[in-house]
Amino acid sequence: MALQPFLALGAILFGIGLYGALTKRNLIIVLISVEMMLNAANINLVAFSHFAVTPNVDGQVYALFNIAIAAAEVAVGLAILLSFFRIRNSSDVRDVNLMKW
Amino acid sequence: MLFGFPITGETVAYFVLALIIITSGVFLMTLRNVMHMALALGGVFLGVAGIFIILGADFVGIVQVMIYAGAITILMVFSLMLTHSRRKTDEEPEAGGLRGTVTFIGVAVVVGAILLVVRKTSWPVSPTALQPFHQSTVLLIADALFHTYTIQFELVSALLTTALVGAVIIARKEEQ
Numbered sequence: 049m050a051l052q053p054f055l056a057l058g059a060i061l062f063g064i065g066l067y068g069a070l071t072k073r074n075l076i077i078v079l080i081s082v083e084m085m086l087n088a089a090n091i092n093l094v095a096f097s098h099f100a101v102t103p104n105v106d107g108q109v110y111a112l113f114n115i116a117i118a119a120a121e122v123a124v125g126l127a128i129l130l131s132f133f134r135i136r137n138s139s140d141v142r143d144v145n146l147m148k149w
Numbered sequence: 211m212l213f214g215f216p217i218t219g220e221t222v223a224y225f226v227l228a229l230i231i232i233t234s235g236v237f238l239m240t241l242r243n244v245m246h247m248a249l250a251l252g253g254v255f256l257g258v259a260g261i262f263i264i265l266g267a268d269f270v271g272i273v274q275v276m277i278y279a280g281a282i283t284i285l286m287v288f289s290l291m292l293t294h295s296r297r298k299t300d301e302e303p304e305a306g307g308l309r310g311t312v313t314f315i316g317v318a319v320v321v322g323a324i325l326l327v328v329r330k331t332s333w334p335v336s337p338t339a340l341q342p343f344h345q346s347t348v349l350l351i352a353d354a355l356f357h358t359y360t361i362q363f364e365l366v367s368a369l370l371t372t373a374l375v376g377a378v379i380i381a382r383k384e385e386q
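If you read the protein sequences in the order shown, they are chains C and B. Residue numbers for the first sequence follow my numbering, beginning at 49 and rising by one. Residue numbers for the second sequence follow my numbering, beginning at 211 and rising by one.
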């Protein structure tokens, strides 16, 4: 295998996630799309660490950090979502206008 | 030959996993039932874990299965159940019509540009690409985490603790 197929897969997964994050109306689906984009970035990191001229493990460590940050982001995002749902009884992106001026 | 690559177990596994990932992703964007979308999300995450294992990153693959396919998918399913809206007034789950089409075209242009760049660039070829690591990656990752990236590792643990406490405080029901 070569590097290019993995980069192409990452690009396609990123595109799917980007489309979802831009068009979906459900807040949870938007969060899921963001997770898919982070996963595409992780594929690229691990692929570059595998196919580097001097292969090293740094890319995998970055991917692990990335996964930890993504887990924190999901936790805080879902907490905000639950709190918002309690106030507005909705999980629609268009209803999130409490801090809009 | 399969798309210019010799047919080996690795190539076949790559194409099967890529098919699973892209199919699950497209299902995720087209299905109407949010619960089915969460299941497709699990398919995407498991496929990405398989890609990591093909790339020789077995530890990252296992972490991906545990955190993404296990924890995050279940968390998403839970929050989908908790926030399941009963009012069915807006049946339109995504931006439709002109905006959806324009977004699709824009995203397609971006992805096409990235694919073109990936194809045109001559990437450096590693002579040891088949088996780059001559020992277990767990040892290498532990060495990197606790010797080279110690400060970053501690910062990530501080961030996780902060996020946990913050999530609990934000989601807590406020008593008047």
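Ideal Cβ positions, reconstructed from N, Cα and C, are used throughout, including at glycine. Quick caveat: nothing in here was measured; it's all calculated off a predicted structure.
Legend entry - Inter-residue CB distance, C/Ile-150 and C/Met-84 (contact presumed, cutoff 8 Å): Nothing about residue 150 of chain C can be read from this structure; chain C reaches only from 49 to 149.
Legend entry - B/Ala-373 versus C/Ala-120 - alpha carbon distance: 6 Å
Legend entry - Closer than 8 Å to chain C by CB, B/Thr-313: yes
Legend entry - Whether C/His-98 touches B/Leu-265 by CB criterion (8 Å): yes
Legend entry - First through last residue of the alpha helix (DSSP H) which encompasses B/Gly-322: 307-330
Inset, instruction - Take B/Gly-235 and list the residues in its own chain whose beta-carbon comes closer than 8 Å to its own, dropping the five residues that flank it on each side. - result: Same-chain partners within the cutoff: Ala-250, Val-254.
Inset, instruction - Name the two residues that bound the continuous alpha helix (DSSP H) containing B/Phe-363. - result: 360-381
Inset, instruction - Leaving aside the five residues before and after B/Phe-237 along the sequence, list all residues of the same chain whose C-beta is less than 6 Å from its C-beta, in chain order. - result: Ala-250
Inset, instruction - Identify whether C/Asn-87 lies in helix, strand or coil by the three-state DSSP scheme. - result: helix
Legend entry - chain B contact for C/Leu-166 (CB, 8 Å cutoff): Beyond the ends of chain C as shown, which are 49 and 149, falls residue 166 of chain C; an answer cannot be given.
Legend entry - Under 9 Å from the C-beta of B/Ile-351: neighbouring residues of chain C: Think of a sphere of 9 Å around the beta carbon of B/Ile-351: the chain C residues whose beta carbon falls inside it are Val-105, Gln-108, Val-109, Leu-112, in chain order.
Inset, instruction - Please list the residues of the region 71-88 of chain C that have a C-beta atom closer than 7 Å to any C-beta atom in chain B, keeping them in chain order. - result: Thr-71, Lys-72, Arg-73, Asn-74, Ile-76, Ile-77, Ile-80, Glu-83, Met-84, Asn-87
Legend entry - Listed by chain order, chain C residues near B/Gln-362 by CB distance under 8 Å: Scanning chain C for C-beta atoms nearer than 8 Å to the C-beta of B/Gln-362 yields Phe-113, reported in chain order.
Inset, instruction - Would you kindly work out how many angstroms separate the C-alpha atoms of C/Asn-137 and C/Asp-143, rounded to a whole number? - result: 10 Å
Inset, instruction - State yes or no: is the C-beta of C/Phe-99 nearer than 7 Å to some heavy atom of the ligand MN? - result: As for the ligand MN, it is missing from this structure, which has no ligand bound.
Inset, instruction - Note down the Cα distance separating B/Ile-351 from B/Gly-310, rounded to an integer number of angstroms. - result: About 43 Å.
Inset, instruction - Evaluate B/Gly-307 with the Cβ neighbour count: other Cβ atoms within 10 Å of its Cβ, from every protein chain shown; 16 or more gives buried, anything less gives exposed. - result: exposed
Inset, instruction - Kindly say whether C/Ile-64, judged by its beta-carbon, lies nearer than 8 Å to any beta-carbon of chain B. - result: yes
Inset, instruction - Have a look at C/Phe-133 and C/Leu-86 and give me their C-alpha separation to the nearest angstrom. - result: 25 Å
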